[in-house]
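The structure under discussion appears below in the form of structure tokens.
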Amino acid sequence: MRENKFWSVLVLTLISSICGFSLAWVFSLAKDKIEENQKKSIKRAVYNLCSDCEKIEERAIQGKIIYCLYDKKNNLIGYGFCSDGQGYQEKIKVFFVVDKDMKKLKGIEIIESKETPGLGARINEDFFKNQFKNLSIKLPIKCVKHKPSEGEIQAITSATISSKAVVNIVNEGIKELKNLLGK
Amino acid sequence: MKLKILKEGLWKNHPIFRQLLGMCPTLAVTTSSLNGLAMGLAVIFVLTFSSLVVSSIKRFVPQNVRIAVYTIIIATFVTIVDIFFRAFLPPISKALGPYVPLIIVNCIILGRCEAFASRNSVILSFFDALGMGLGFLWGLFVLGSIREILGKGTILGFKILPDFYTPMVIMVLPAGAFLVLGILAGIMNRLEK
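First to last, the protein sequences are chains A and B. Each step along the first sequence adds one to the number in this note's numbering, with nothing skipped, and position 48 is 33. Each step along the second sequence adds one to the number in this note's numbering, with nothing skipped, and position 147 is 190.
So, in structure tokens, the structure goes:
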């Protein structure tokens, strides 16, 4: 074993780059499959959040996909949209469904998150997600620490950052969706 | 020699019940037998390949950067597992959540790389990693099964206990993990005495 500084740096650099390149290669192989899975989980989320939805139509506006939801009689009942933003550790990806007038949220689903287990990861639990059901969104949603009144979400104890992140992501998403649809 | 090394990990020097290593994933993901199984398999994969790589490049790695090098190698294999789960087993990926990336800091893996793979031949390291990995796997599976049976009345998702049995919810909560782990480690100590 050699003990010289240059050699240490060289070995570390070499190994890091080999690992980096092989990861990039593996990821490129699996990318399509992962996206397909996310689409599937979005579809499942739609049927969970909006039980009278019969047909989903994907519409791309400015490169963003908007999911238009139709009921049995082919009436438009709402929109679904994916939005992401910074969480406590990694990006959080949230999917949400709004009614067609964009007055109320029908619910949200966390598609991807890597929050702290037991604390931030509780954004995945129903008690938190259910708060978003039928929430009025005329004004941006607020994240509060006391008992929530209309248009407010109660943050998870000791996970304020993650809770706020989800609320912000949903607010940003609604704004973006409104812009895209020109409403 | 090889068999002896294999047996070390499987029983004599069991990573969970004897060395008490890797407690974070052990306690956290064993809420069901399936989660335990998936975590165990992921660890076997990462442990085996990291040991193979570490023991084959040990001659070129300078002492002062060895831990950094091991961590990079481990992290690479963990990320591969993470991508694989996300692509092919999304429900498991969702259930294990952030615990898959956390395998990087699982002390069993770094421990075996440092204590064994960096000092022994490739073949011996392979058997050591396999033994430790399989030991970890059965440990997690047994822990997960006991917790699932007592906590939900099911095993691998199949109902096995009759309806009159009231599931003990505490078993799937963190407290149950500590209880079962303590009892199993105690039994193991007794058997080895």
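By construction, the Cβ of each residue, glycine as well, lies at the ideal position given by its N, Cα and C atoms. The model shown is predicted, which means the values in this text are computed figures rather than measured ones.
Taking the beta strand (DSSP E) that residue i belongs to, which residues open and close that run?
i: S68 (chain A); result: 61 to 71
i: D56 (chain A); result: Neither: D56 (chain A) is in no beta strand (DSSP E) and is coded neither H nor E.
i: D37 (chain A); result: Per DSSP, D37 (chain A) belongs to no beta strand (DSSP E) and is neither H nor E.
Between residue i and residue j, which are expected to be in contact by the criterion C-beta below 8 angstroms, what is the C-beta distance as a whole number of angstroms?
i: L64 (chain B); j: L177 (chain B); result: That belief does not hold up - the Cβ atoms of L64 (chain B) and L177 (chain B) are roughly 15 angstroms apart, past 8 angstroms.
i: V212 (chain B); j: G194 (chain B); result: 6 angstroms
i: P122 (chain B); j: L8 (chain A); result: Reading the sequence as shown, one finds Thr at residue 122 (chain B) and not Pro. About 6 angstroms; that satisfies the 8 angstroms criterion.
i: I59 (chain B); j: F170 (chain B); result: Actually they do not touch by this definition, with Cβ atoms about 19 angstroms apart.
i: Q82 (chain B); j: L139 (chain B); result: It is Met, not Gln, that sits at residue 82 (chain B) in the sequence shown. About 6 angstroms; that satisfies the 8 angstroms criterion.
i: T97 (chain B); j: C156 (chain B); result: Position check: residue 97 (chain B) holds Val in this sequence, whereas Thr was assumed. That pair is a contact at about 5 angstroms.
i: I46 (chain A); j: L165 (chain A); result: 5 angstroms
i: I117 (chain B); j: I151 (chain B); result: That belief does not hold up - the Cβ atoms of I117 (chain B) and I151 (chain B) are roughly 11 angstroms apart, past 8 angstroms.
i: F184 (chain B); j: S75 (chain B); result: The pair is not a contact, with the Cβ atoms about 10 angstroms apart (cut-off 8 angstroms).
i: C128 (chain A); j: A140 (chain A); result: 5 angstroms
i: F12 (chain A); j: I126 (chain B); result: 6 angstroms
i: F159 (chain B); j: F120 (chain B); result: Not confirmed; about 17 angstroms, so no contact.
Taking only the alpha-carbon atoms, compute the straight-line gap between residue i and residue j and give it to the nearest angstrom.
i: L173 (chain B); j: Y73 (chain A); result: 36 angstroms
i: I50 (chain A); j: D84 (chain A); result: 17 angstroms
i: M(-14) (chain A); j: S168 (chain B); result: Since pLDDT at M(-14) (chain A) reaches only 49, below the 50 mark, its modelled position is unreliable, and the value read off the structure follows with that caveat. Going from the Cα of M(-14) (chain A) to the Cα of S168 (chain B) covers about 19 angstroms.
i: G109 (chain A); j: V(-4) (chain A); result: This sequence places Asn at residue 109 (chain A); Gly is not what is there. One C-alpha to the other measures close to 41 angstroms.
i: C35 (chain A); j: I19 (chain A); result: 24 angstroms
i: S99 (chain B); j: F(-9) (chain A); result: 21 angstroms
i: M175 (chain B); j: F201 (chain B); result: 29 angstroms
i: C38 (chain A); j: V215 (chain B); result: 35 angstroms
i: E97 (chain A); j: I27 (chain A); result: 11 angstroms
i: K40 (chain A); j: R29 (chain A); result: 12 angstroms
i: R129 (chain B); j: E75 (chain A); result: 16 angstroms
i: S2 (chain A); j: C53 (chain A); result: 44 angstroms
i: K118 (chain A); j: M87 (chain A); result: 13 angstroms
i: E161 (chain A); j: L80 (chain B); result: 42 angstroms
i: V151 (chain A); j: S68 (chain A); result: 10 angstroms
i: L90 (chain B); j: L61 (chain A); result: 52 angstroms
i: V112 (chain B); j: Y142 (chain B); result: 22 angstroms
i: Q71 (chain A); j: I146 (chain A); result: 10 angstroms
i: Q62 (chain B); j: I95 (chain A); result: 37 angstroms
i: I48 (chain B); j: S161 (chain B); result: 15 angstroms
i: L145 (chain B); j: N22 (chain A); result: 22 angstroms
i: K57 (chain A); j: G92 (chain A); result: 20 angstroms
i: V(-6) (chain A); j: F113 (chain A); result: 48 angstroms
i: K78 (chain A); j: K25 (chain A); result: 14 angstroms
i: L153 (chain B); j: G219 (chain B); result: 27 angstroms
i: L70 (chain B); j: A85 (chain B); result: 16 angstroms
i: R233 (chain B); j: F6 (chain A); result: 49 angstroms
i: R44 (chain A); j: L104 (chain A); result: 36 angstroms
i: V108 (chain B); j: N149 (chain B); result: 19 angstroms
From the DSSP secondary-structure annotation, give me the bridge partner or partners of residue i.
i: A45 (chain A); result: A:I50
i: T197 (chain B); result: B:K202
i: K137 (chain B); result: Partner(s): none; K137 (chain B) has no beta bridge.
i: Q139 (chain A); result: A:V129
i: G92 (chain A); result: A:V82
i: S121 (chain A); result: A:K89
i: E97 (chain A); result: A:K78
Determine the extent of the alpha helix (DSSP H) in which residue i is found, giving its start and end residues.
i: Y113 (chain B); result: 109 to 131
i: F113 (chain A); result: 111 to 114
i: M211 (chain B); result: Element bounds for M211 (chain B): n/a, residue is neither H nor E.
i: G229 (chain B); result: 217 to 235
i: S148 (chain A); result: 145 to 166
i: F88 (chain B); result: 76 to 99
i: G154 (chain B); result: 150 to 155
i: P68 (chain B); result: 66 to 72
i: L46 (chain B); result: 45 to 50
Residues in the region 143 to 155 of chain A having any Cβ partner in chain B nearer than 7 angstroms: none
Under 8 angstroms (Cβ pairs) to chain B, residues found in the region 15 to 26 of chain A: A15, K18, I19, N22, K25, S26
Selection of the region 109 to 126 of chain B by Cβ proximity to chain A, strictly under 8 angstroms: A111, V112, I115, I116, A118, T119, T122, I123, I126
Chain B contacts made by the region -3 to 9 of chain A, where a contact means CB separation under 7 angstroms: L(-3), I0, S1, C4, S7, L8
Against chain A: residues of the region 60 to 81 of chain B by CB proximity under 7 angstroms: A71
Contact list for the region 130 to 143 of chain A against chain B, Cβ threshold 8 angstroms: none
Near-chain A residues of the region 134 to 145 of chain B - C-beta to any C-beta below 9 angstroms: S136, K137, G140, P141, Y142, P144, L145
Contact residues within the region 110 to 125 of chain A, judged by C-beta distance below 8 angstroms to chain B: none
Contact residues within the region 155 to 173 of chain B, judged by C-beta distance below 9 angstroms to chain A: none
Residues of the region 207 to 232 of chain B whose Cβ lies closer than 9 angstroms to any Cβ of chain A, in chain order: P217
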